[in-house]
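Numbering (the working numbering), first residue to last: 277 to 680. Report on one structure; see the data block that follows.
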Amino acid sequence: ARPLEQDLPKDRDKAVDSTPPAAPPAGDDGPAPVVLAEPSPTTPPAPSRGESGSLGGFSGLGIAGSGSSGGTKSGPAGLGGRAKSKSIPDAERDEVRRDAERTHEDLRKEEARKRVGDSGSAGILGMDAPPRRDPAPTYTPAPVVTAPAMRAGRHDDNKQYNRFLQFLGDNSGMVVYPVNITERLVVRTLDQDGKSLHGCAVEVLDLKGKLLALSTTFADGSTQFFPADASPAEARDYALRARCGSEARNGQLGRSGRRVTDLRFGSARAVPRKVPVDIAVVIDTTGSMQSQIDRLKKTLKAIHFQLTSLSMQPDIRFGLVAYRDRGDDYVTQPYDFTRDVSAFQRVLDKLDADGGGDTPEDLQAALDDALHKLSWREDALRLGFVVADAIPHTDYGQTFTYRE
277 ARPLEQDLPK
287 DRDKAVDSTP
297 PAAPPAGDDG
307 PAPVVLAEPS
317 PTTPPAPSRG
327 ESGSLGGFSG
337 LGIAGSGSSG
347 GTKSGPAGLG
357 GRAKSKSIPD
367 AERDEVRRDA
377 ERTHEDLRKE
387 EARKRVGDSG
397 SAGILGMDAP
407 PRRDPAPTYT
417 PAPVVTAPAM
427 RAGRHDDNKQ
437 YNRFLQFLGD
447 NSGMVVYPVN
457 ITERLVVRTL
467 DQDGKSLHGC
477 AVEVLDLKGK
487 LLALSTTFAD
497 GSTQFFPADA
507 SPAEARDYAL
517 RARCGSEARN
527 GQLGRSGRRV
537 TDLRFGSARA
547 VPRKVPVDIA
557 VVIDTTGSMQ
567 SQIDRLKKTL
577 KAIHFQLTSL
587 SMQPDIRFGL
597 VAYRDRGDDY
607 VTQPYDFTRD
617 VSAFQRVLDK
627 LDADGGGDTP
637 EDLQAALDDA
647 LHKLSWREDA
657 LRLGFVVADA
667 IPHTDYGQTF
677 TYRE
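This is the structure in structure tokens:
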């Protein structure tokens, strides 16, 4: 500790009222004020009730510690204090007393703040009590869930079509192959029980027999026709032809009528004992894709197990098209469908990320291979997954593009 003289004010000769403060009444729960006692050559004066303390004072100066709860036992001797008194001028003693009282008052306020948290009242301590606050709601942290190695989300623009049109309008400058899809007509092919028929060929013709659009129904039995893009503005009505297996149906389509047209066939949908499913993965293998490639390697067999464990017991085949860009080691590497998941795993294990660097990659070449170089089954549920982190090159003059 520093010598006491360093803590004394410069104007130590200033007259100060040395009358000690009165002790609080017995039983007061607040801490007692600091009391200045006359130094004794032998024993410090015994503290009165309420003057005892848990914080030691300077016993050499006879300054009692602050009271803990109005107890009768005296507090411990002051830190660094000496039992033997020392003669100190009255002015200096008064300054020390005032400093000690200021310290004591700070301690009173600190204790008051602590008590307010427990009792909500500070009036007994001479402080304004803060407003009561409701206890904070208890918070139970959510359980920790380990994220799957391969993450995915689901979004269907067909179910939020107006929002999709707004998105295209807001980003019209990025559209390389414009298609006017502001007007949409839907055709659905159904069996005799109203169940969807997928893989049916649907033709849309003008009233003179000119073919305007040819498409194949999706797994839900639907396909779409965009009259504003495929026909003159004055054309209002169209002819429909659909074929599912050996059965054909004709119908009509109009721009001023229903937006959804159903073509119902007379037979029940054939359900194979094992549903054939062809799954093609079209994956960018340039330098930034290593983590996604690794995830696919680690999760393939888990995906296969979950699919083959379904009640329908699907007949699963996996295929792959790896792609990079012109100037890299390869542009595309197609691997045809196989039922052997271990063989497909070996194909994945050979993949690594390399090349790229100019951001766009040749995705259009990869889609061309995926549609035309893999042996898709006509009766299968056909699924394609594009795993990529870069936009496609649309400046290579490809003959097969997004539009096709």
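Just so you know, even glycine gets a beta-carbon here, dropped at the ideal spot from N, CA and C.
Just list the residues that DSSP pairs residue i with in beta bridges.
i       : result
Phe-501 : Leu-461
Tyr-514 : Leu-529
Ser-491 : Val-478
Asp-467 : Answer is none; Asp-467 lacks a bridge partner.
Arg-549 : Arg-549 is not bridged to any residue.
Ser-472 : Leu-466
Gly-595 : Ala-556
Gln-609 : Ala-598
Pro-668 : Glu-637
Arg-658 : Asp-554
Arg-519 : Ala-477 and Ala-524
Taking only the alpha-carbon atoms, compute the straight-line gap between residue i and residue j and give it to the nearest angstrom.
i       : j       : result
Glu-371 : Glu-377 : 10 Å
Ala-477 : Leu-643 : 21 Å
Gly-470 : Ser-498 : 13 Å
Ser-522 : Gly-533 : 29 Å
Thr-575 : Leu-529 : 45 Å
Arg-615 : Gln-621 : 11 Å
Ala-544 : Asn-434 : 27 Å
Pro-636 : Gln-468 : 48 Å
Phe-613 : Ala-556 : 8 Å
Asp-634 : Gly-563 : 11 Å
His-431 : Gly-445 : 19 Å
Asp-638 : Tyr-672 : 9 Å
Arg-384 : Arg-373 : 16 Å
Lys-573 : Ser-567 : 10 Å
Met-450 : Gly-632 : 21 Å
Gly-343 : Thr-416 : Because the pLDDT at Gly-343 is just 41, under 50, the model does not fix this residue reliably, and the value given afterwards should be weighed accordingly. About 41 Å.
Asp-565 : Gln-500 : Looking at the sequence itself, residue 565 is Met, so the reference to Asp does not match. Roughly 34 Å between the two C-alpha positions.
Ser-585 : Ser-618 : 17 Å
Thr-492 : Asp-625 : 35 Å
Asp-601 : Ser-448 : 26 Å
Arg-653 : Lys-577 : 22 Å
Ser-361 : Asp-382 : Reliability of the predicted coordinates at Ser-361 is poor, the pLDDT of 46 falling under 50, and the value obtained from them is presented with this limitation in mind. Rounded to the nearest angstrom, the two C-alpha atoms are 27 Å apart.
Tyr-453 : Asp-665 : 20 Å
Gln-674 : Phe-443 : 26 Å
Gly-527 : Arg-517 : 6 Å
Thr-537 : Ser-472 : 13 Å
Phe-676 : Leu-583 : 32 Å
Arg-439 : Val-663 : 24 Å
Ile-667 : Ala-656 : 30 Å
Gly-603 : Arg-658 : 32 Å
Leu-441 : Ser-507 : 20 Å
Which whole-angstrom value is the C-beta distance of residue i and residue j, which I expect to be below 8 Å?
i       : j       : result
Arg-535 : Val-455 : The Cβ separation is near 18 Å, so there is no contact.
Gly-429 : Val-558 : Not really, about 18 Å apart at Cβ, beyond 8 Å.
Leu-596 : Val-623 : 6 Å
Leu-539 : Arg-525 : 5 Å
Ala-515 : Leu-490 : Going by Cβ atoms, the distance from Ala-515 to Leu-490 rounds to 13 Å, so no, they are not a contact pair.
Leu-627 : Thr-561 : 6 Å
Tyr-437 : Arg-460 : 7 Å
Asp-505 : Ile-457 : 7 Å
Val-551 : Asp-496 : Val-551 to Asp-496, Cβ: 15 Å. No contact.
Leu-682 : Phe-581 : Residue coverage of the chain in this structure runs from 277 to 680, which leaves residue 682 outside it and unanswerable.
Kindly indicate which residue of the options has the alpha-carbon position closest to the one of residue i.
i       : options                               : result
Leu-488 : Ala-641, Ile-569 and Pro-503          : Pro-503
Val-547 : Met-588, Ser-567 and Ile-569          : Met-588
Arg-593 : Asp-665, Asp-638, Asp-604 and Ile-579 : Ile-579
His-669 : Val-662, Ala-495 and Tyr-678          : Tyr-678
Phe-494 : His-474, Arg-512, Ser-507 and Lys-484 : His-474
Arg-519 : Glu-479, Ser-507 and Arg-531          : Glu-479
Ala-509 : Leu-516, Leu-490, Arg-531 and Gln-500 : Arg-531
Ala-511 : Glu-654, Gly-485 and Gln-674          : Gly-485
Asp-645 : Asp-655, Ala-598, Asp-604 and Asp-591 : Ala-598
Glu-680 : Val-662, Ala-666, Asp-665 and Ala-641 : Ala-641
Asp-570 : Arg-602, Val-617, Thr-465 and Ala-629 : Ala-629
Mind checking if residue i is an interface residue toward chain B, Cβ cutoff 8 Å exclusive?
i       : result
Pro-454 : Among the chains in the structure shown there is no chain B, since it carries only a single protein chain.
key: Segment contact, 8 Å Cβ cut-off, at least three pairs: the stretch 643–651 with the stretch 602–621   = Judged by Cβ distances under 8 Å, the stretch 643–651 makes contact with the stretch 602–621, as three or more pairs qualify.
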